[in-house]
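Engineer: Here UniProt numbering is used: the first residue of the sequence shown is 1, the next is one more, and so on.
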Amino acid sequence: MKTNITMKLVISVVTITILSSCEKAIVYNGNVNVMVQYNQQPVPDIPVYYYAGMPEKDNSGNITYQGMQLSAIDGSVTFRQLPPGQYHFTASGFLNPAHKAVGADTDITVRKRYRDESNYQILLPLR
């Protein structure tokens, strides 16, 4: 009887030791590439904002964004190394040639990846 209990204890200790020494899976982050366009043409120098999850508001009631970049000459913006989760992207600004304020927004989910980084492409057509 004691031998049986001792054997179970030894097996449990060995099993726990083996499992705890296993290499943990690495979760890779995602890169989100945003293209900002107006009338199917790229728009430079438009601010693109993002926040993760539910929006948080400051004391004035404005949404607090977690990041912002201006679109490049080709209308592109890349947000790198975003951890898995739900994100909301917004682009807005004033177009001088059109003499009007424009904007667009969208949601995206960055999924967990265990092999390599995820790359996501978003088109934000300004209206």
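We treat Cβ as the ideally placed atom computed from N, Cα and C, and that holds for glycine.
1. Label Tyr50 either buried or exposed according to how many other C-beta atoms from any shown protein chain fall within 10 Å of its C-beta, with 16 as the threshold for buried.
2. What would DSSP say about Ile73, mapped onto helix, strand or coil?
3. Report yes if the CB atom of Leu126 is closer than 8 angstroms to the CB atom of Tyr65, and no otherwise.
4. Report the residue from Leu70, Ala52 and Ser118 whose alpha carbon sits nearest the alpha carbon of Thr106.
5. So, for Ile26: in the same chain, excluding its five sequence neighbours on each side, which residues have a beta-carbon less than 8 angstroms away from its beta-carbon?
6. Taking the alpha-carbon positions, what's the Val36 to Phe79 distance?
7. In the DSSP assignment, find the beta strand (DSSP E) that holds Ile26 and state where it starts and stops.
8. Could you please give the first and the last residue of the uninterrupted beta strand (DSSP E) stretch that includes Ala91?
9. With a 10 Å radius around its C-beta and 16 neighbouring C-beta atoms as the bar for buried, classify Leu123 as buried or exposed.
10. Tell me the DSSP bridge mates of Gly63?
11. Check this for me: beta carbons of Val32 and Leu82, under 8 angstroms apart or not?
12. Starting from the Cα of Ala104, find the closest Cα among Phe89, Ala98, Asp116 and Ser118 and give me that residue.
Structural biologist: The relevant details are as follows:
1. buried
2. coil
3. no
4. Ala52
5. Tyr114
6. 13 angstroms
7. Segment: none, Ile26 is in no beta strand (DSSP E) and carries neither H nor E.
8. Gly85 to Leu95
9. exposed
10. Residue identity check: residue 63 is Ile in the sequence provided, not Gly. Beta-bridge pairing links Ile63 to Lys57.
11. yes
12. Phe89
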